Amino acid sequence: ARDNDLVTDLPGLDFKVPFRHYAGYLNVSDTKAFYYNFFEAHENPEFAPLILWLNGGPGCSSMFGSLNENGPFHIKEEGKTLYLNPYAWNRAGNVLYIESPAGVGFSYDTANGNLTDESTADDNHAALEDFFRKFPEYRDHDFYITGESYGGVYVPMLADRVANDTKTFPNFKGIAVGNGVMSFELLYNTLLPFLYHHGLIQERLWINIADKCCNNNTYTCPFYHLQNRDGTQECKDMINEGYHNAETGDDYNLYSACYTDGEPQSRILRSHFAKAAGLPQSKKQDKNG
Amino acid sequence: DRPICAQSNNDRQYLNRPDVRRALHVHPDAPTWKECGDVNYHMTRHEVPMFPEFHRLIEKGKRILVYNGDVDTVCNVLLTSKFVEQLGLAAIPDPKNRTFWFHDEEIPNKAGFITRYEKNVDFLTVRGSGHMVPKDKPKEALQMIYNFVYGRDY
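Chains as they are written, first to last, in my numbering: chain B, 1 to 289; chain Y, 1001 to 1154.
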C-alpha cells in the first residue's frame, strides 16, 4: 500500500526532490478516511524523529499549513510551480501532515456524521494506527505530535490517547503547540488587555471597563464570565465595544498588511474579528469610522 | 473559507489541478479542496480547558513545548503564557539569568522570551510573529522545533 502512495511525478517541480514523499489515505473507520502527506527527512530519515503536524480551525487543512508554513513545497506563480522551502520542518525530522477531521480538505466521511473534539481525537488516533501499519519501521522512531491554533485542543487530546497506547506508540516523546487555544476562558480574559496594551482600544473605554467591571484590576479581570454570565449589561456593552472597535488589521498578525478583494477593509475585518471572538455584530461598529 | 489576509490562493489553484490531484493520489470523488471549511463540528471542550490532558502528559514524562508569536490577536501570547503558568510547575531559574532565546541571523538576535519549567515544559515567545509562526518566522521556527525534538538548548 505504501508503494502506491509514493509520489513520483509532482507537477510544478523543476528540481530533484532530495527526500521521499508519500500521499494518500489513512483508514479511520468503515466510512472515514483521512488524507495525508508524509515527507521523509532531508537527512538520515532512518534515524530522524517522526513529527505529526495538525492545523486548527476546526476545519482547516494541514495541507494549507504544509504549503504556507512548514512544509517542504511552497507554491508560486498562481499555482503553476513549486519551490523548496529552505526552512521546512522535514529538515528536523520526518513530517506527517494529516487533514483532519473528516470533511477537511480531501478527507472524507461517507456517513457525514457529527464531529466533536472527542471523536476527532479518536479518529486521529485511528489514522495514526493505520499510518504505523503502512510504515511500521517508524514505530521505532521518536514521535512528536505538534500543531497550531485549534491544535491547542487537537494535540493534547490526541496525545493523551497516544500516551495511553504504548503498544502502538512505544516511542511517543512529547508535544509542541503553537499559538494554541488550550482555554477559551483564558483567551477571552487576555484578549482585551492584549489589545489595550498594543494601543488598539480607546483609553477612555478601557478606564471605564476597569472602573465599572474589574475593580480597577484588569490583569485578573474575568472578562469571559463578565461577558457571558456575571456582567451588568453596561459591562457587556463596553466589553463588546472593545472587541468591535479594536483596529487590528490582520487578526493573525497585528503588523502585517492585509489586502482584500475590493470590499471595504474595515467592514470585513470588524466582522471577521467579532465572528472569531464569538460575538454578535455590534450596532456601534461604525462609530469610529 | 481561508484565514482573511492570507493574501494568496496559490494553494487552492494548485491542489485543484487535475494533474496535481492525480499525482497526490487524491480520491477521484473528493470535493474541491479549500483551506478551511464548515465541517459540522461541535466544540465539546469549549468550557473545559486542556489542563487535565497536559497534567497527564507531564505525569507520564512527556516533553512539552508551548510557543506563541507575540503579535497574534487570534490566540494571543498572554493566553498561552497564563495557561502554562497555571499548570502550576516551578520555573527553572536560569544560572545565566537569560530570559531570551536567540537566532543569530537576525539583528537584534533575540528571537523571543523563554521560560523553562520543571518536568520538561518549555514556553517560548516568537518575537514579531503572528499566528502562523513557521510562515512569519521560518528560520526561528525551524531552529525551535529542531532543538526541541533533539533535546537541545533553543
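Each residue gets a CB set at the ideal place from its N, CA and C atoms; glycine is no exception.
Keep in mind the model is a prediction, meaning the values are calculated, not measured.
Indicate whether the contact test is met: 3 or more Cβ pairs, each with one atom in the segment 1037 to 1049 of chain Y and one in the segment 158 to 168 of chain B, closer than 8 Å. No, the segment 1037 to 1049 of chain Y does not touch the segment 158 to 168 of chain B.
For L128(B) and L26(B), I'd like the C-alpha separation in whole angstroms. Counting from one through the first sequence, the residue named residue 128(B) turns up at place 128. Counting from one through the first sequence, the residue named residue 26(B) turns up at place 26. Cα-Cα distance, rounded: 8 Å.
Could you give the DSSP three-state label for V1066(Y): helix, strand or coil? Working through the second sequence from its first residue, we reach residue 1066(Y) at position 66. DSSP places V1066(Y) in strand when its eight states are reduced to three.
Short of 7 Å Cβ to Cβ, which residues in the segment 1042 to 1060 of chain Y face chain B? H1042, M1043, T1044, R1045, H1046, P1049, M1050, E1053, F1054, R1056, L1057 and K1060
I'd like to check one pair, N253(B) with D1136(Y): are the Cβ atoms closer than 9 Å? Against the second sequence, residue 1136(Y) aligns to sequence position 136. Against the first sequence, residue 253(B) aligns to sequence position 253. Contact flag set, yes.
DSSP beta-bridge partners for L115(B)? Locating residue 115(B) in the first sequence gives position 115, counting from the first residue. Partner(s): Y1041(Y).
Thinking C-beta only, is V181(B) closer than 9 Å to L1079(Y)? As a working mapping, residue 1079(Y) is identified with position 79 in the second sequence. As a working mapping, residue 181(B) is identified with position 181 in the first sequence. In contact: L1079(Y) and V181(B) (Cβ atoms closer than 9 Å).
Straight-line Cα distance separating H1025(Y) from I1145(Y): As a position in the second sequence, residue 1145(Y) is number 145, starting the count at 1. As a position in the second sequence, residue 1025(Y) is number 25, starting the count at 1. Near 29 Å, if we compare the C-alpha coordinates of H1025(Y) and I1145(Y).
May I ask you to report which of helix, strand or coil DSSP gives W1033(Y)? Stepping through the second sequence from its first residue, residue 1033(Y) is reached at position 33. Note: W1033(Y) maps to coil in three-state DSSP.
Residues bridged to T1115(Y) [DSSP beta-bridge criterion]: Here residue 1115(Y) is taken as the residue at index 115 of the second sequence, counted from 1. The partner list for T1115(Y) (beta bridge, DSSP) reads F1123(Y).
Can you list the residues of chain B that E1035(Y) reaches, using a CB-CB cut of under 7 Å? Translated into the one-based positions of the second sequence, residue 1035(Y) becomes position 35. Here the neighbours are C60, S61 and F64.
Check D160(B) in the structure and name its three-state DSSP category. As a working note, residue 160(B) is residue 160 in the first sequence. Looking at D160(B) - three-state DSSP - the assignment turns out to be helix.
For A1030(Y) and L52(B), the rounded distance between their alpha carbons: For the purposes of this step, residue 52(B) is taken as residue 52 along the first sequence, with counting starting at 1. For the purposes of this step, residue 1030(Y) is taken as residue 30 along the second sequence, with counting starting at 1. Between L52(B) and A1030(Y), the C-alpha separation is close to 23 Å.
Check the Cβ of G57(B) against every Cβ in chain Y and list those closer than 8 Å, keeping chain order. Position 57 of the first sequence, counted from the start, is the residue given in the question as residue 57(B). By Cβ distance, chain Y contributes C1036, V1039 and Y1041.
Length of the line joining the Cα atoms of K284(B) and F73(B): As a position in the first sequence, residue 284(B) is number 284, starting the count at 1. As a position in the first sequence, residue 73(B) is number 73, starting the count at 1. Low per-residue confidence applies at K284(B): pLDDT is 46, beneath 50, and the placement is therefore not dependable, though the value from the model is reported in the following sentence. Going by the C-alpha atoms only, they are around 44 Å apart.
Using C-beta distances below 8 Å, list every residue in its chain close to K236(B), excluding the 5 sequence neighbours before and after it, in chain order. Walking along the first sequence from the start, residue 236(B) turns up at place 236. Cβ neighbours of K236(B) beyond the five flanking positions: L226 and Q227.
The segment 1064 to 1077 of chain Y: which residues have C-beta closer than 7 Å to a C-beta of chain B, in chain order? I1064, L1065, V1066, Y1067, N1068, G1069, V1071, D1072, T1073, V1074, C1075 and N1076
In the DSSP assignment, the beta strand (DSSP E) including I75(B) goes from what residue to what residue? Reading the first sequence from its first residue, position 75 is the one you call residue 75(B). Unbroken beta strand (DSSP E) run through I75(B): F73 to K76.
Quick one: measure Cβ to Cβ for A23(B) and G93(B), integer angstroms, because I've assumed they're closer than 8 Å. By 1-based counting over the first sequence, the position of residue 23(B) is 23. By 1-based counting over the first sequence, the position of residue 93(B) is 93. At roughly 18 Å, the Cβ-Cβ gap does not stay under 8 Å, so A23(B) and G93(B) are not in contact.
Can you pull the chain Y residues whose beta carbon is under 9 Å from the beta carbon of S29(B), in chain order? Mapped onto the first sequence, residue 29(B) falls at position 29. Simply none; closest approach about 16 Å.
Among the residues of its own chain, which have a CB less than 6 Å from the CB of I209(B), if the five just before and after it don't count? As a working note, residue 209(B) is residue 209 in the first sequence. Excluding sequence neighbours, I209(B) sits near M238.
Could you name the residues of the segment 181 to 203 of chain B whose beta carbon sits closer than 7 Å to any beta carbon of chain Y, in the order they occur along the chain? V181, M182, S183, F184, E185, L186, L187, T190, L191, P193, F194 and L195
At the level of alpha carbons, what is the spacing between A1111(Y) and L1089(Y)? Within the second sequence, residue 1111(Y) is the residue found at index 111, counting from 1. Within the second sequence, residue 1089(Y) is the residue found at index 89, counting from 1. Distance between the alpha carbons of A1111(Y) and L1089(Y): 24 Å.
Test item: CB-CB of G151(B) and L195(B) under 9 Å: Mapped onto the first sequence, residue 151(B) falls at position 151. Mapped onto the first sequence, residue 195(B) falls at position 195. No, Cβ-Cβ distance for G151(B) and L195(B) is not below 9 Å.
Within its chain, find whatever has a CB closer than 6 Å to the CB of D122(B); leave out the 5 residues flanking it on each side and keep chain order. For this step, residue 122(B) is matched to residue 122 along the first sequence. So the list is empty, once near-sequence residues are dropped.
Let's test the definition: count the other Cβ atoms within 10 Å of the Cβ of K16(B) and tell me whether it reaches 16, buried, or not, exposed. By one-based count along the first sequence, residue 16(B) stands at place 16. With fewer than 16 other Cβ atoms within 10 Å, it is exposed.
Roughly how many angstroms lie between the CA atoms of E1118(Y) and L1057(Y), to the nearest whole one? Here residue 1118(Y) corresponds to residue number 118 of the second sequence, with the count starting at 1. Here residue 1057(Y) corresponds to residue number 57 of the second sequence, with the count starting at 1. C-alpha separation (whole angstroms): 13 Å.
Interface partners of R20(B) on chain Y, CB under 8 Å: The residue given as residue 20(B) occupies position 20 in the first sequence. Those do not exist, as R20(B) stays about 14 Å from chain Y at its closest Cβ, beyond 8 Å.
Decide if R1127(Y) is buried, meaning its Cβ has at least 16 other Cβ atoms within 10 Å, or exposed. What you label residue 1127(Y) is simply residue 127 of the second sequence in a count that begins at 1. Buried, by the Cβ-count rule.
Would a C-beta distance cut-off of 9 Å place L115(B) and H1042(Y) closer than the cut-off? Start at 1 with the first residue of the first sequence, and residue 115(B) comes out as number 115. Start at 1 with the first residue of the second sequence, and residue 1042(Y) comes out as number 42. Against a cut-off of 9 Å, the Cβ pair of H1042(Y) and L115(B) comes out as a contact.
For F15(B), which of helix, strand or coil comes out of DSSP? Taking the first sequence and counting its residues from 1, one reaches residue 15(B) at position 15. If DSSP states are grouped into helix, strand and coil, F15(B) belongs with coil.
Proximity of T120(B) and P101(B) at Cβ, strictly below 9 Å: In the first sequence, counting from the first residue as 1, residue 120(B) sits at position 120. In the first sequence, counting from the first residue as 1, residue 101(B) sits at position 101. Yes, the pair counts as a contact, with Cβ atoms nearer than the cut-off.
Proximity below 9 Å, CB of R1021(Y) to CB of I175(B): Translated into positions along the second sequence, residue 1021(Y) becomes position 21. Translated into positions along the first sequence, residue 175(B) becomes position 175. Result no, Cβ atoms of R1021(Y) and I175(B) do not sit closer than 9 Å.
Going straight from the alpha carbon of A257(B) to that of D250(B), what length do you get? For the purposes of this step, residue 257(B) is taken as the residue at position 257 of the first sequence. For the purposes of this step, residue 250(B) is taken as the residue at position 250 of the first sequence. Rounded to whole angstroms, A257(B) to D250(B) spans 7 Å at the Cα level.
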